[in-house]
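Student:
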Amino acid sequence: MSGAVEARPVVAAPRTDIAPTAARQARARRHKIGRALLHVAAVALALWVLFPIYLITITAFSPRDVVYDYPKRVIPNQFSAETMDFFVNSTGVLGALWNSVVVAVTTLVLSTLIGAPAGYALARFAFRGRDAYRLMVLSTRAFPIVILSIPLAVSFIDWGIYDTVWSVALMHTALAMPFTILITSSIFLGVPKDLEEAALTLGCTPLTAFVRVVLPLALPGLAAASIFTFVLSWNEVFAAVILTLRERTLPALVLSALNESPAPFRFAAAWFMMAPSLVIIFVIRRYLLGLWGRVSR
Amino acid sequence: MGHSSSDSDLRLSRRAITRRNLVRAAGLGTAGLALGGLASGPGAAASPLGRGAGFPRRSQDGDSLVFLSTQLRPVEEAEKMRGTILADFEGEVEFIAEDTGPFNDRIAAEAEAGEGSVGVIGGQHGDFASFAQDGLLTDLSDLATELQDRGFVEQYLELGRYGGEVLNYIPWMQATYVMVANREALEYLPDGVDEAALQTSLTYDQLATWAGNVNEAEGQKLGFPAGEDGLLHRFLQGYGYPSFTGGVNTTFQNDDAVAMWEWFAGAWEFVNPQALSYNNMDEPLLSGEVWIAWDHTARLIGALRERPDDLIAFPAPRGPKGLGYMPVVAGLAIPKSAPDPEAARSLIEYLTRPEVQATTLREVAFFPTTAGELPGDLPEGVQAEAAAVLQTSASEDALQSLLPVGLGDQGGAYNKVFRDAFQSIVLDGNDVREVLTEQAANLQSVLDAAQAACWLPDPEGEGVCQVG
Chain A
4 MSGAVEARPV VAAPRTDIAP TAARQARARR HKIGRALLHV AAVALALWVL FPIYLITITA
64 FSPRDVVYDY PKRVIPNQFS AETMDFFVNS TGVLGALWNS VVVAVTTLVL STLIGAPAGY
124 ALARFAFRGR DAYRLMVLST RAFPIVILSI PLAVSFIDWG IYDTVWSVAL MHTALAMPFT
184 ILITSSIFLG VPKDLEEAAL TLGCTPLTAF VRVVLPLALP GLAAASIFTF VLSWNEVFAA
244 VILTLRERTL PALVLSALNE SPAPFRFAAA WFMMAPSLVI IFVIRRYLLG LWGRVSR
Chain B
217 MGHSSSDSDL RLSRRAITRR NLVRAAGLGT AGLALGGLAS GPGAAASPLG RGAGFPRRSQ
277 DGDSLVFLST QLRPVEEAEK MRGTILADFE GEVEFIAEDT GPFNDRIAAE AEAGEGSVGV
337 IGGQHGDFAS FAQDGLLTDL SDLATELQDR GFVEQYLELG RYGGEVLNYI PWMQATYVMV
397 ANREALEYLP DGVDEAALQT SLTYDQLATW AGNVNEAEGQ KLGFPAGEDG LLHRFLQGYG
457 YPSFTGGVNT TFQNDDAVAM WEWFAGAWEF VNPQALSYNN MDEPLLSGEV WIAWDHTARL
517 IGALRERPDD LIAFPAPRGP KGLGYMPVVA GLAIPKSAPD PEAARSLIEY LTRPEVQATT
577 LREVAFFPTT AGELPGDLPE GVQAEAAAVL QTSASEDALQ SLLPVGLGDQ GGAYNKVFRD
637 AFQSIVLDGN DVREVLTEQA ANLQSVLDAA QAACWLPDPE GEGVCQVG
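Here is the structure:
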């Protein structure tokens with residue numbers, strides 16, 4: 004009896020051992036294949052994005068006649084800063100670069116200062132017309148800005164801020180606002196209300212509770228959102244073109260000329276426009292996840 | 217057990233990342249805010265409503281004359297305008313090149329606001345059409361009289377009146393269309409055509425045979441700018457139609473027009489299929505995708521400058537009715553909203569001086585609109601192009617067409633008729649007569665809408681031009 008009882012596990016043991024091993028091996032194999040496919044897909048995706056960037060970069064730093072060579076060399080055999088030098092020293096490029104930075108930073112600050120409180124209100128308070136308000140904020144994005152160009156320019160001339168960086172920054176702030184409000188509201192939603200209430204019971208005023216408890220938790224998300232605003236402003240062309248004449252931002256200055264400029268300059272300009280965005284994305288990529296509310300965990 | 221441990225590891229590391237992020241992001245946020253404070257601080261202090269408030273690059277507002285142009289947009293040309301052509305102007309002038317879209321909006325907006333910053337505008341005849349119609353431009357008749365010794369081409373001054381009394385612009389520079397070929401294509405020239413004959417007697421049939429020979433040996437190497445921003449419609453309006461039919465609108469659907477379209481559909485077999493994406497022909501010529509191309513002189517000069525030894529320029533071919541060609545005129549105008557009309561007038565005076573016109577040709581390859589000989593010291597590429605242009609207008613069978621006159625805002629619709637006919641006949645292979653009958657109705661409604669009289673090469677006359 005006891006022998007039989009003991010015997011059973013002896014027989015059973017190898018069986019239970021074999022089955023999981025086979026299953027595990029099969030699973031491991033499938034896992035390996037899955038991982039390999041994932042890697043191939045990742046590499047393909049990376050190449051798809053990186054190869055054009057690579058081509059732009061090597062062409063931007065090639066001598067002029069090499070740019071027209073066909074088929075293109077994948078590994079360049081000569082470098083030259085000639086076109087890059089011409090591009091950077093063309094009239095207005097450095098000034099426009101500075102303008103772009105001023106406009107983008109001003110937009111970032113203004114839209115955060117105005118948009119974040121609106122987002123907070125949407126996240127924390129139940130008020131009549133909240134959904135309508137949310138929809139209204141979004142609907143401004145659906146409005147085609149192109150048909151506004153002449154009235155906009157006329158108004159800015161009347162107000163005396165036409166052709167200044169401030170007019171572009173104001174316009175960009177308006178354009179970025181729906182984005183800022185909706186993103187910040189989702190960030191504030193991710194901060195537990197309990198923490199705020201606890202702070203209130205422990206002697207904080209609503210303001211200090213916000214500054215000392217909510218803000219630190221929301222900051223990574225806010226930083227990511229505001230850097231998105233920066234990039235949005237950096238890349239915006241239409242408003243910048245129509246509202247400025249002498250105080251061009253970089254995209255406004257470059258894009259009007261690019262269409263009809265020879266290939267070497269297009270590559271130089273493309274590289275010049277692309278590089279700052281790449282740097283910014285490298286800096287912020289780890290904060291981007293914060294957008295989806297990871298901070299609250 | 218293993219499970220729960222890895223889970224808590226995960227949680228731990230996640231928390232670690234979160235905390236590290238918090239610290240960094242806080243730093244970043246503060247830096248951003250500080251930067252923003254710096255940037256917006258002085259501006260806000262110096263009243264953000266002041267023009268150009270607190271901005272370091274600008275010396276003083278309204279000092280310099282703004283010269284806004286739809287011409288010379290490419291960076292290199294704009295730089296030459298600023299650095300060389302405008303170098304000797306007595307006042308301070310800021311040259312800004314801009315696309316037609318924002319250009320139109322800006323002038324309209326400044327007119328509406330009654331306060332402008334643009335002093336002089338430069339553009340093609342067509343760019344000014346809507347301003348002329350709305351009366352946004354200063355009458356320059358007296359300036360033209362003052363500058364009589366320049367010897368402006370009388371036809372061009374007439375163009376600037378848009379059929380009315382007001383002279384809306386002063387002719388500034390002109391361009392036209394020529395052909396450029398790679399020297400490698402020369403060995404495939406048809407019998408009886410040599411390099412000299414290319415300059416003086418090439419016909420459309422010979423061009424097709426030539427491109428066919430090249431096609432047999434090397435592939436489709438003929439090129440036309442049929443891209444979205446290409447000027448293919450000008451080929452039809454100023455070259456194909458006049459050369460085959462002797463007219464444009466009045467001969468739109470006759471037998472000669474059918475012959476032209478049949479020629480074009482046949483020649484298209486030898487055209488590089490990429491042509492539908494070509495806007496400028498200089499790059500396909502440089503890369504060797506195309507060996508024989510037709511385009512605007514300004515859109516070919518890049519290739520001729522880059523490789524003057526490998527490329528040759530020659531006039532467009534001639535058809536049964538002659539060598540149709542189309543000069544393109546750019547003009548200078550002063551908007552009524554200009555801040556300093558006197559300075560604007562002196563800039564126009566400067567730009568039309570013979571020596572400045574010569575510099576313009578040398579630097580940016582646009583031709584003078586005034587009497588006088590071409591300068592002798594032209595760069596090789598410009599020289600080649602200038603020779604082809606002179607050869608064109610000097611040809612005995614030359615047949616001049618004007619850019620569409622008096623169409624106003626119907627200019628785009630007018631071009632669309634020709635592009636649509638091209639699409640339908642040449643690309644889709646539809647019946648030529650059927651398509652022409654259909655498009656003739658469209659063309660007539662465009663002309664009716666614009667109330668436009670016929671222009672060269674059609675017989676000029678009173679009343680709305682009738683499609684034939």
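Chains as they are written, first to last, in the numbering used here: chain A, 4 to 300; chain B, 217 to 684.
All C-beta atoms, glycine included, are put in the ideal place defined by N, C-alpha and C.
All values reported here derive from a predicted model rather than from experimental measurement.
#1: Is the beta carbon of Glu239(A) closer than 8 Å to that of Asp166(A)?
#2: What does the alpha-carbon distance come out to for the pair Gln276(B) and Glu308(B)?
#3: Run the CB neighbour count on Leu567(B), radius 10 Å, all protein chains shown included, and call it buried at 16 or more, exposed below.
#4: My output table needs one value for Tyr566(B): the three-state DSSP class, helix, strand or coil.
#5: Run through chain B and tell me which residues come within less than 7 Å of Ala156(A), C-beta to C-beta.
#6: Kindly list, in the order they appear in chain B, the residues whose Cβ is closer than 8 Å to that of Ser65(A).
#7: Measure from the alpha carbon of Leu202(B) to the alpha carbon of each residue in Pro387(B), Leu423(B), Leu383(B), then state which is nearest.
#8: Pick from Gly351(B), His449(B), Thr466(B): whose alpha carbon is nearest that of Leu663(B)?
#9: Which of the three DSSP states, helix, strand or coil, is assigned to Pro279(A)?
#10: With a cut-off of 8 Å, does the C-beta of Val506(B) fall near any C-beta of chain A?
#11: Between the region 217-229 of chain A and the region 256-273 of chain A, do at least 3 Cβ pairs fall closer than 8 Å?
#12: Just curious, the beta strand (DSSP E) that Asp511(B) is in, first and last residue?
#13: Quick one: does Glu400(B) have its CB under 8 Å from some CB of chain A?
#14: What are the residues of the region 287-310 of chain B that lie near chain A, defined by any Cβ-Cβ distance shorter than 9 Å?
#15: Quick one: Cα of Asp526(B) to Cα of Lys296(B), how far?
#16: In angstroms, rounded to a whole number, what distance separates the CA positions of Leu594(B) and Ala145(A)?
#17: Quick one: what's got a C-beta closer than 8 Å to Arg32(A)'s C-beta in the same chain, skipping five residues either side?
#18: Find the residues of chain B that neighbour Ala44(A), judging by a C-beta separation of less than 7 Å, and give them in chain order.
#19: For Met139(A), is the classification buried or exposed, using 16 other Cβ atoms within 10 angstroms of its Cβ as the cut-off for buried?
#20: Which residues of chain A have a Cβ atom closer than 9 Å to the Cβ of Val282(B), listed in chain order?
#21: Specify, as a first and last residue, the run of the alpha helix (DSSP H) that Leu305(A) falls within.
#22: Across which residues does DSSP place Phe311(B) in a beta bridge pair?
#23: Please state if the CB of Leu353(B) and the CB of Ala549(B) are separated by a distance shorter than 8 Å.
#24: Is it true that the region 493-509 of chain B meets the region 375-393 of chain B, where meeting means three or more beta-carbon pairs spaced less than 8 Å apart?
#25: If we count Cβ pairs, one from each stretch, closer than 8 Å, do we get three or more for the region 312-325 of chain B versus the region 277-290 of chain B?
#26: Name the residues in the region 224-248 of chain A whose C-beta lies less than 9 Å from a C-beta of chain B; which are they?
#27: Assign Gly37(A) to buried or exposed, taking buried as 16 or more other Cβ atoms, counted over all protein chains shown, within 10 Å of its Cβ.
#28: By DSSP, does Phe583(B) sit in helix, in strand, or in coil?
#29: Just how far apart, CA to CA, sit Ala574(B) and Glu601(B)?
#30: My output table needs one value for Pro531(B): the three-state DSSP class, helix, strand or coil.
#31: On the criterion of 16 or more Cβ atoms from any shown chain inside 10 Å, does Leu577(B) qualify as buried, or is it exposed?
#32: Report yes or no: do the region 665-682 of chain B and the region 619-637 of chain B share at least 3 C-beta pairs separated by less than 8 Å?
#33: Distance, Cα to Cα, Lys632(B) vs Ala44(A)?
#34: Leaving out the 5 sequence neighbours to the left and right, which residues in its chain are closer than 7 Å to Thr110(A) when beta-carbon positions are compared?
#35: Quick check: what's the CA-CA separation for Asp421(B) versus Pro441(B)?
#36: Below 9 Å between beta carbons is the criterion; list the residues of the region 322-353 of chain B that meet it against any residue of chain A, in chain order.
Tutor: Well, looking at it:
#1: Not a contact, by the Cβ cut-off of 8 Å.
#2: Bear in mind that the predicted position of Gln276(B) carries a pLDDT of just 40, short of 50, making it unreliable; the figure below should be weighed with that in mind. So the two alpha carbons sit approximately 12 Å from each other.
#3: By the neighbour-count criterion, in which a residue is buried when 16 or more other Cβ atoms sit within 10 angstroms of its Cβ, Leu567(B) is buried.
#4: In this structure, Tyr566(B) counts as helix in the three-state DSSP scheme.
#5: The contacting residues are Asp321, Arg322, Ala325.
#6: The contacting residues do not exist; Ser65(A) stays about 14 Å from chain B at best.
#7: Past the boundaries of the shown model lies residue 202(B); chain B is included only from 217 to 684, so the question cannot be answered.
#8: Cα-wise, what sits closest to Leu663(B) is Thr466(B).
#9: Residue state, collapsed to three classes: helix.
#10: No - not a single Cβ of chain A is within 8 Å of the one on Val506(B).
#11: Under the Cβ criterion (8 Å, minimum of three pairs), the region 217-229 of chain A does not count as touching the region 256-273 of chain A.
#12: Unbroken beta strand (DSSP E) run through Asp511(B): 508-512.
#13: Chain A, which has no Cβ nearer than 8 Å to the Cβ of Glu400(B), makes this no.
#14: Taking 9 Å as the Cβ-Cβ cut-off, the region 287-310 of chain B approaches chain A at Arg289, Pro290, Val291, Glu292, Glu293, Ala294, Glu295, Arg298, Gly299, Glu310, given in chain order.
#15: Computed Cα separation, rounded: 25 Å.
#16: Each residue's Cα considered, the two are about 53 Å apart.
#17: There are no such residues.
#18: Near Ala44(A) there are no residues of chain B at all, since even the closest Cβ is about 24 Å away, more than 7 Å.
#19: Met139(A) comes out exposed.
#20: Within chain A, the residues near Val282(B) are Leu248, Arg249.
#21: Any question about residue 305(A) goes unanswered here, given that chain A covers just 4 to 300.
#22: Phe283(B), per the DSSP bridge assignment.
#23: Cβ atoms of Ala549(B) and Leu353(B): closer than 8 Å.
#24: With the cut-off at 8 Å, the region 493-509 of chain B and the region 375-393 of chain B do not touch.
#25: Verdict: yes, contact present.
#26: Result list: Gly224, Leu225, Ala226, Ala227, Ser229, Ile230, Phe233, Phe241, Val244, Ile245, Leu248.
#27: Per the 10 Å Cβ criterion, exposed.
#28: Note: Phe583(B) maps to strand in three-state DSSP.
#29: A direct Cα-to-Cα measurement between Ala574(B) and Glu601(B) gives close to 15 Å.
#30: Here Pro531(B) sits in coil by DSSP.
#31: Within a 10 Å sphere around the beta-carbon of Leu577(B) sit 16 or more other beta-carbons, which makes this residue buried.
#32: Yes, the region 665-682 of chain B touches the region 619-637 of chain B.
#33: Distance between the alpha carbons of Lys632(B) and Ala44(A): 45 Å.
#34: These residues qualify, in order along the chain: Ala172, His175, Thr176, Ala179, Thr232, Ser236.
#35: Each residue's Cα considered, the two are about 20 Å apart.
#36: So the list reads Arg322, Ala324, Ala325, Glu326, Glu328, Ala329, Gly330, Glu331, Gly332, Ser333, Val334, given in the order they occur along the chain.
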